[in-house]
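Below is one structure, written out as structure tokens; comments come after it.
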Amino acid sequence: MTSRRPHVAAGLGRREAFGLGGAALALTVLAAVVGALGWPSPARTTSGWQVADVPPSLLALLAGAGALCLGVAAVLTRPWQLPAPVAVGWWLVGLLAVLLHGWDSAHLAALADPDGGAVIPVFNWLFTALPALVVGLIARPAGRPAQLRAVLGTAVVGVPLTALSWSLYAAPEGLLPAALGSLWPTAVLGAAPVAAVLALLPRTDPTG
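Residues in the sequence shown are numbered from 37 upward in steps of one, following our numbering.
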């Protein structure tokens, strides 16, 4: 009787899938609008982390956004109902994703300054693709439903934070143009990599 509970808990119904996708979409729109409000920018440097003197208000925004996205993702993904190795891996990857996106947001906010430099988004897609891939591989032994749930949970974290990054970068253009303009790079560099990972992940369920 108890051996069936993890399998049932790990299942991913249509309602759960739509809930995770809807949460990612709602948080993405919210992040795009909030990031476009015009926050003070950090200084751009050419060494180290490439940002310095991050304003406290911006730092609070990044910390709050990361905590909100990770918290919503955890509530919907319910990692505590997944096998222990998957749950630990999900939390570690989620926290790392928040930190990476926080740095990316500060970096793009610094580049929003006219003298900040150009953006070349060669590796930005990795910020959502790598967490989805790592979690997907970790969750593979738990079965396809659990794997999908865990990967979609990383999207609830990463896709809205991608929107926040690009909205901060475009903020000098004004609220509406920045908010709307951030959605395209978010779709290409945030959502599409997660969709690609979902399509490419092995579809083998555990055999017992």
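We put the beta carbon where it would ideally sit given N, CA and C, even for glycine.
Model, not experiment: these values are computed from the prediction.
Tell whether a beta-carbon distance below 8 Å holds between residue i and residue j.
i    : j    : result
V170 : A186 : no
F163 : T198 : yes
W202 : L144 : yes
G179 : H137 : no
L157 : P76  : Residue identity differs from the one stated: residue 157 is Pro in this sequence, not Leu. In this structure, P76 does not lie closer than 8 Å to P157 by Cβ.
A168 : V233 : yes
V67  : L200 : The identity of residue 67 in the sequence shown is Ala, whereas the question assumes Val. Yes. Within cutoff.
Roughly how many angstroms separate the alpha carbons of residue i and residue j, rounded to a whole number?
i    : j    : result
V192 : A165 : 13 Å
R51  : V108 : 16 Å
A227 : V195 : 6 Å
P181 : A99  : 31 Å
A72  : V65  : 11 Å
V230 : T190 : 9 Å
A175 : L106 : 18 Å
V124 : L184 : 16 Å
L95  : W127 : 22 Å
G55  : L61  : 10 Å
L219 : V69  : 10 Å
L212 : A59  : 22 Å
G244 : P177 : Low per-residue confidence applies at G244: pLDDT is 42, beneath 50, and the placement is therefore not dependable, though the value from the model is reported in the following sentence. Each residue's alpha carbon lies about 10 Å from the other.
S13  : V155 : The question about residue 13 has no answer, for the chain in this structure spans 37 to 244.
A79  : L135 : 19 Å
Q117 : G210 : 43 Å
Just to check my reading of the structure: residue i and residue j have Cβ atoms closer than 8 Å, yes? What is that Cβ distance to the nearest angstrom?
i    : j    : result
L188 : A53  : 7 Å
A207 : A142 : So it is not a contact: roughly 13 Å between Cβ atoms.
L225 : W161 : 5 Å
Which of the three DSSP states, helix, strand or coil, is assigned to residue i?
i    : result
A168 : helix
A175 : coil
A79  : strand
V155 : coil
V87  : strand
L73  : coil
G210 : coil
When the Cβ atoms of the region 120 to 137 are set against those of the region 84 to 97, are three or more pairs found closer than 8 Å?
-> With the cut-off at 8 Å, the region 120 to 137 and the region 84 to 97 do not touch.
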